[in-house]
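Note sheet for the following structure.
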Amino acid sequence: MNIKKMLVLVSALVAVFLTGSANALVIDFAGMADGGLGTSAYGEGGGQPITLNNTYQTSLGGLVIDAYGYTIDGDKLVPQQAYLDKSWNGRPAGMGVCQTTAGCAGNSDDNVTWNEVLELHFNKSVTLTGISFVNGHHDPLFNELADFGLSVGSHTTTSYSFNSFDLTENFDALSVTSGSGYSGTDFLFSNTNRVENEDKYVYYVKSMTIKQVPEPGLLLLVLTGLVGVIAARRMRVQI
Numbered sequence: 003m004n005i006k007k008m009l010v011l012v013s014a015l016v017a018v019f020l021t022g023s024a025n026a027l028v029i030d031f032a033g034m035a036d037g038g039l040g041t042s043a044y045g046e047g048g049g050q051p052i053t054l055n056n057t058y059q060t061s062l063g064g065l066v067i068d069a070y071g072y073t074i075d076g077d078k079l080v081p082q083q084a085y086l087d088k089s090w091n092g093r094p095a096g097m098g099v100c101q102t103t104a105g106c107a108g109n110s111d112d113n114v115t116w117n118e119v120l121e122l123h124f125n126k127s128v129t130l131t132g133i134s135f136v137n138g139h140h141d142p143l144f145n146e147l148a149d150f151g152l153s154v155g156s157h158t159t160t161s162y163s164f165n166s167f168d169l170t171e172n173f174d175a176l177s178v179t180s181g182s183g184y185s186g187t188d189f190l191f192s193n194t195n196r197v198e199n200e201d202k203y204v205y206y207v208k209s210m211t212i213k214q215v216p217e218p219g220l221l222l223l224v225l226t227g228l229v230g231v232i233a234a235r236r237m238r239v240q241i
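For the sequence shown, this note's numbering assigns the number 3 to the initial residue and increments by one for each residue that follows.
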């Protein structure tokens, strides 16, 4: 194989690597709660944390997600817990927060309400590219004044209106101000509305769309190996 063909091969392999890493993946929390995904569906229930992996959605590709629920001041020792809520009257729910470890305190306690935080921790860095919410009544219509808070990693929480949230525009804006955009391992969703248990002010995270961030070390390993092959080829040609 000559050098030109080898360079074409290198370019093709790098392109395949980057494309494979950038494939979008929808994490369907509502589907997990309803028992419709994976080989052993999680179903409705809570935990601190709830740990989700390929068992519950076979397309996760090795990702492991730990979900925590706690208060907005960051106290994970309070009795809150993450909670997967199933559909009600045919309307999906998803991931929320309960106030007690023994279960939810009433039917309105399993979503993200005022002063609560839902943390989703990934074992690998991912980029958030899409998200779907439903309100406490399991539908996508929120009060025009309702907001949600989002923080990625150690960045300051930013509040967004459910009704005017332009995913692409706001993600680009955060990328400009923070330098890293919506990429990381820790995503914190909070309720910034000073209204408790009003259906159109509380929410579930129904689903998320993410892309896995390519691991620089793996790409470097691939490139190093290919460069070594090219160098060896050139040495044989010169001998």
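A virtual CB, placed ideally from N, CA and C, is assigned to each residue, including glycine.
All of these numbers come straight from a predicted model, not from anything done at the bench.
Beta-ladder partner(s) of residue i, from DSSP
| i | result |
| --- | --- |
| histidine 123 | Asp68, Asp188 |
| leucine 62 | DSSP lists no partner for leucine 62. |
| leucine 27 | Ile212 |
| tryptophan 90 | Arg93 |
| aspartate 149 | Ser163 |
| glutamate 1 | Not covered by the structure: residue 1. The range shown for the chain is 3 to 241. |
| valine 99 | Ala84 |
| valine 207 | Met97, Phe135 |
| valine 128 | Gly186, Gln214 |
| glycine 48 | Tyr85 |
| valine 154 | Phe189 |
| leucine 54 | Ile67 |
Burial state of residue i (16 or more Cβ within 10 Å)
| i | result |
| --- | --- |
| glycine 242 | Absent from the structure is residue 242, since the part of the chain shown begins at 3 and ends at 241. |
| phenylalanine 135 | buried |
| threonine 115 | buried |
| aspartate 75 | exposed |
| leucine 143 | exposed |
| alanine 26 | exposed |
| glycine 138 | buried |
| leucine 122 | buried |
| threonine 179 | Confidence at threonine 179 is low in this model, with a pLDDT of 44, below 50, so the placement of that residue is unreliable and no value is reported for it. |
| leucine 20 | Because the pLDDT of leucine 20 is 47, which lies under 50, any placement of that residue in the model is unreliable, and the question is left without a value. |
Expected contact under 8 Å - CB spacing of residue i and residue j to nearest Å
| i | j | result |
| --- | --- | --- |
| valine 119 | serine 185 | That belief does not hold up - the Cβ atoms of valine 119 and serine 185 are roughly 20 Å apart, past 8 Å. |
| asparagine 195 | aspartate 141 | With a Cβ gap of about 17 Å, asparagine 195 and aspartate 141 do not count as contacting. |
| serine 209 | isoleucine 67 | Actually they do not touch by this definition, with Cβ atoms about 12 Å apart. |
| lysine 126 | leucine 65 | 6 Å |
| threonine 211 | threonine 131 | 5 Å |
| cysteine 100 | glycine 48 | 5 Å |
| threonine 60 | asparagine 117 | The Cβ separation is near 36 Å, so there is no contact. |
7 Å CB neighbourhood of residue i in its chain, flanking five on each side removed
| i | result |
| --- | --- |
| asparagine 145 | Lys202, Tyr203 |
| asparagine 165 | Phe144, Glu146 |
| glycine 181 | In this prediction, glycine 181 has a pLDDT of 44, which is less than 50 and means its spatial position is unreliable; what the coordinates show is noted afterwards. Taken in chain order, the list of residues that qualify is empty. |
| glutamate 171 | Because the pLDDT at glutamate 171 is just 48, under 50, the model does not fix this residue reliably, and the value given afterwards should be weighed accordingly. So no residue of the chain qualifies. |
| phenylalanine 31 | Leu86, Gly96, Met97, Val207, Lys208, Ser209 |
| phenylalanine 124 | Leu65, Ile67, Thr187 |
| valine 197 | Trp116, Tyr203 |
Cut-off 6 Å between Cβ atoms - residues of its own chain near residue i, not counting five sequence neighbours on either side
| i | result |
| --- | --- |
| glycine 1 | Not covered by the structure: residue 1. The range shown for the chain is 3 to 241. |
| serine 163 | Asp149 |
| serine 161 | Asp149, Gly151, Thr194 |
| isoleucine 52 | Ala69, Ala84 |
| leucine 54 | Ile67 |
| serine 155 | Note that residue 155 is glycine in the sequence shown here, rather than serine. Same-chain partners within the cutoff: Gly186, Asp188. |
| aspartate 174 | Interpretation of aspartate 174 is limited by its pLDDT of 49, a score under 50 that renders its predicted location unreliable; no figure is taken from the coordinates. |
Same chain, Cβ closer than 8 Å to residue i, five either side skipped, listed in chain order
| i | result |
| --- | --- |
| threonine 159 | Gly151, Leu152, Ser153, Leu190, Ser192, Thr194 |
| tryptophan 327 | Because the chain spans 3 through 241 in this model, residue 327 falls outside it and cannot be assessed. |
| valine 215 | Ser23, Lys126, Ser127, Val128, Thr129, Ser185 |
| arginine 93 | Val136, His139, His140, Asp141 |
| glutamate 200 | Gly138, Asn145 |
| leucine 62 | Leu27, Ile29, Leu54, Asn55, Asn56 |
| lysine 213 | Ser23, Ala24, Asn25, Ala26, Leu27, Val128, Thr129, Thr131 |
Any non-hydrogen atom of the ligand ADP closer than 7 Å to residue i Cβ
| i | result |
| --- | --- |
| glutamine 214 | In the structure on display, the ligand ADP does not appear, and there are no ligands present to speak of. |
Short CB-CB distance (under 8 Å) between residue i and chain B
| i | result |
| --- | --- |
| glutamate 118 | No chain B is part of this structure, which consists of one protein chain only. |
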